[in-house]
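Numbering (the working numbering), first residue to last: 7 to 399.
C-beta atoms are modelled at their ideal positions from N, C-alpha and C, and glycine is treated no differently.
All values derive from a computational prediction rather than experimental measurement.
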Amino acid sequence: MQTLTQSPLDPAFVQTPYPFYDRVRTAGAFAFWQDYDLPVSARAVVVGAALRDRRLGREAPPEHAPEIPPHLAPFYAVEAHSMLELEPPRHTRLRRLVLRAFTSARIAALGPEIEQLAEELIGRFPAGGGDLLAHFARPLPVIIIARLLGVPEERADDLLTWSNAMVGMYQARRTRESEAAAIAATEAFVDFLGRYVEERRRRPGQDLITELIAAEEAGDRLSRDELIATCILLLNAGHEATVHTIGNGVKTLLETGTGADWLTPERIEGTVEEIFRFDPPLHLFTRWVYEDLEIGGQAFRRGDRVGLLLAGANRDPGPWEEPARFNPARPQQVNFSFGAGAHFCIGAPLARLELQRALPVLFRALPDLRLAVAPRYADLYHFHGLERLDLSW
């Protein structure tokens, strides 16, 4: 296996990570990313196989589980009940219970509400221009997920602050200071949601928290800790990735001159899928190996970890012709922005719907939308999103 070096904190990499992914792909099915001490793959066939193989997963084998430092215990106490970090049978049980509440019909019904909220946000834009992230990309998804769950949308700023602090635990720039911020955010989040869960037990409403409380399978229900962890996961994942995708997507549409004619009802689905493929918000997803095996001809042993470069697999020239070109007309096929297999993103239908409904409203309302300043990506790896998106309108 070829060894490659690339700091995830390198400013050039933060701005344009795709050339490194090309190097990884050229090196073979896997290359050893020295800076992460991790074998990684950017080949679509390998990434797809690894995501779907039940011999790999998110949960560490017990004898290889990393020791949790005492100061991080509150964060990992929540993670211990998160679907994202569990494997069957616990993952299967939690996902089935959550899907009884997080239904496709419930998500689809949000379409008109997303359009109305987009129009309201645009109506409050400052005259002449501003930062689209601050005025549109951040508030829209967090307000929608807050309404869906049934927590007060006036607490959106708190939810954003807590979520941003918690996802800092997954970033390459993580420090002891950011860890302390994540712990404080976790404790505040747990306290806030714990009170709402108890309130909904006493007085059920027409919201997702009430449905999660009521969700039952064979007499089994979500525990209080599972409810809180699930709500935190839905809030964090339900807006964090969408914020970056709206920002990255609008940037791409404007840079490539892709106009409103690609946001029509008959074309919007393909355009949104190409936005997710071309510049996704999550770039690296890790998996533990549960038994000795080979992937793409490379041998691994139980307790090894592998890194799957989702954004790199999305730019593989095998499945995609001219993958470095944004082409909303390309035939739709599976990309890896939402993962695959048992951990396929449960919020994918909501994320797709938010872009499909919000982007046409934005470009219809502001036909003269232009980049005011060249956008720059923030130091967030393994996430990928802009610092800000200054536009004129």
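One alpha carbon belongs to Phe282, the other to Arg311, and they sit about 26 Å apart.
Between the segment 93 to 105 and the segment 246 to 258 there are fewer than three C-beta pairs closer than 8 Å, too few to call the two in contact. With respect to Gly324, Val51 sits close: the two C-beta atoms are nearer than 8 Å. For Leu105, there is no enclosing beta strand (DSSP E); the enclosing alpha helix (DSSP H) covers residues Arg96 to Leu105. A distance of 8 Å or more separates the beta carbons of Asp41 and Asp396. For Gly135, the enclosing beta strand (DSSP E) begins and ends at Gly135 to Asp137.
Taking a C-beta distance under 8 Å as the contact criterion, Glu275 and Gln362 qualify as a contact pair. Annotation: the segment 326 to 375 contains the following complete segments of the alpha helix (DSSP H) (minimum length 4 residues), in chain order: 354 to 371. Taking the Cα of Asp59 as reference, the smallest distance to any Cα among Ala354, Leu377 and Gly347 is reached at Gly347.
Within the segment 220 to 300, the runs of alpha helix (DSSP H) at least 4 residues long that lie entirely inside it are, in chain order, 230 to 261 and 274 to 284.
As DSSP reads the structure, Gln304 sits in a beta bridge with Ile301.
When the beta-carbon positions are compared, Phe36 and Met7 come within less than 8 Å of each other.
At a cut-off of 4 residues, the continuous stretches assigned as alpha helix (DSSP H) that sit fully inside the segment 36 to 118 are 50 to 58, 79 to 85, 96 to 105 and 110 to 114. Per DSSP, the continuous alpha helix (DSSP H) segment holding Leu154 begins and ends at Pro145 to Leu155. Residue pairing by DSSP places Leu314 opposite Ser47 and Phe291 in a beta bridge. A distance below 8 Å between beta-carbons, with the five flanking residues on each side excluded, links Glu125 to the following residues of its chain, in chain order: Val367 and Ala371.
Proximity to Asn254 across Pro286, Asp231, Thr236 and Arg230 peaks at Pro286, based on C-alpha coordinates. Judged by beta-carbon spacing, Gly135 lies within the 8 Å limit of Ser398, meaning their Cβ atoms are closer than that value. DSSP lists Asp137 as the bridge partner or partners of Asp396.
Distance between Leu127 and Gln21, taken at the CA atoms: about 29 Å. In the assembly as shown, His289 is a buried residue. Its beta-carbon has 16 or more other beta-carbons within 10 Å. Contact between Leu218 and Arg61 is ruled out by a C-beta separation of about 31 Å, above the 8 Å threshold. Under DSSP, Tyr202 takes part in no beta bridge, so it has no partner. Between Pro381 and the set Leu314, His388, Leu392 and Pro210, the nearest pair of CA atoms involves Leu392. Counting C-beta atoms within 10 angstroms of its own C-beta, Ser229 has fewer than 16 neighbours from the protein chains shown and is therefore classed as exposed. Between Leu103 and Thr9, the alpha-carbon positions lie close to 43 Å from each other. Under the three-state reduction of DSSP output, Phe131 falls in the coil class, being neither helix nor strand. DSSP, reduced to helix, strand and coil, places Leu10 within a strand of the structure shown. Contact between Phe284 and Gly345 does not hold, since their C-beta atoms are separated by about 17 Å, which reaches or exceeds 8 Å. Arg382 has Arg394 as its beta-bridge partners, per DSSP.
Between the segment 86 to 93 and the segment 232 to 242 there are three or more inter-stretch CB-CB distances shorter than 8 Å, so the stretches are counted as touching. Distance from the CA atom of Val53 to the CA atom of Arg208, rounded to whole angstroms, is 45 Å. The alpha carbon of Arg49 has as its nearest neighbour, out of Asp28, Glu327 and Asp43, the alpha carbon of Asp28. Scanning Phe38, Gly309 and Phe19 for the CA closest to the CA of Ala384 turns up Phe19. Separation of the CB atoms of Leu92 and Glu121 is rounded to 35 Å, and the pair is thereby denied contact status at 8 Å.
Beta-bridge analysis with DSSP links Phe389 to Leu288.
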